[in-house]
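Take a look at the structure set out below.
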Amino acid sequence: MAVTGWSAGAWGLGTWGFSGVTNSPIRLWSQSNFGEDLIFAYRGGPICYWDASNGVITRGLVVNATNFPDQSDCPTIVNSVTVSDIFRFVVAFGANDLGTAVQDPMLIRWSDQEDVSNWTPAATNQAGSLRLSRGSEIITALQARQEILVWTDTAVYGLQYLGAPEVWGAQLLGDNITIASTNSAVYSGNIAYWMGTDKFYSYDGTVKTLPCSVRSYVFN
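Sequential numbering from 11 applies to the sequence shown in our numbering.
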């Protein structure tokens, strides 16, 4: 979708106040601690890793064969990434599948446990993937108390660790819901809150519509 407005065109293009046009969306980042290190990615980009032991003057590196010689089948394009807080898996949402560079917006992939670079499923590790069925793309994900909450454009799922051989499983928590954007959800006090396209929601074990006295003002 084309974007118009300030900074849409190249720097210095046109006269002051000139409205440019671009097909490049704003760069939205996701990030999560991996111990003292950092896993991060921008929407539609690769997974990157920053090693804290190298100090703040060093840059994060793309997880690929050049930077990580032991890298194996790490996704090359993702929409967001997180680290499961208890079991220490790197989890990618909206990733390309094994053997292809084509992004699947409904695919979830995860690395082997405690291993940033090994993404090749095998009997000797816990790397794997699953594809969600409700919706057309994964919008965002948040780490909750005992699960990772995952929003598509029409549903919310709970991603739970099951152990080998399935490793991770997805449970549908709510259907026929909406979410406004990648950054419109938050998790606080064991409750998830998010803004939809026409109402506000919460999840505390059950998906609920939040009463809002200014709903018509906000959404109109």
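Where is the CB? At the ideal position from N, CA and C, for every residue including glycine.
Neighbourhood of Y59 by C-beta distance below 7 angstroms, restricted to the same chain and skipping five residues each side: D47, I49, G70, L71, V73, V126
Could you have a look at A174 and say whether DSSP puts it in helix, strand or coil? coil
Go through the segment 175-213 residue by residue and report every complete run of the beta strand (DSSP E) that reaches 3 residues or more, in order. 177-185, 195-198, 201-205, 210-213
Roughly how many angstroms lie between the CA atoms of D163 and G45, to the nearest whole one? 31 angstroms
If you reduce the DSSP assignment to three classes, tell me which class A105 lands in. coil
Since Q81 and F99 are thought to touch, with beta carbons under 8 angstroms apart, how far apart are those beta carbons, to the nearest angstrom? Going by Cβ atoms, the distance from Q81 to F99 rounds to 16 angstroms, so no, they are not a contact pair.
Helix, strand or coil: how does DSSP classify N64 here? helix
Rounded to a whole number of angstroms, what is the C-alpha to C-alpha distance between A190 and Q181? 22 angstroms
Cα-Cα, which of A137, R53, N230 is closest to G179? A137
Cβ of R69 within 8 angstroms of any heavy atom in the ligand SAM? Among the components modelled here there is no ligand, and therefore nothing to report on the ligand SAM.
Minimum length 3: unbroken beta strand (DSSP E) runs contained in the segment 84-155: 90-93, 100-103, 117-120, 138-141, 148-153
Bridge partner(s) assigned by DSSP for N43: L48
Inter-residue spacing [alpha-carbon to alpha-carbon] between A51 and T25: 34 angstroms
Opposite A165 in the DSSP bridges: which residues? D185
On the DSSP bridge list, what partners appear for I158? Q153, L169
For D83, the nearest candidate out of R53, P131, S63, V91 (CA to CA): P131
Compare the beta carbon distance of L142 and I149 with 9 angstroms and say whether it is the shorter of the two. no
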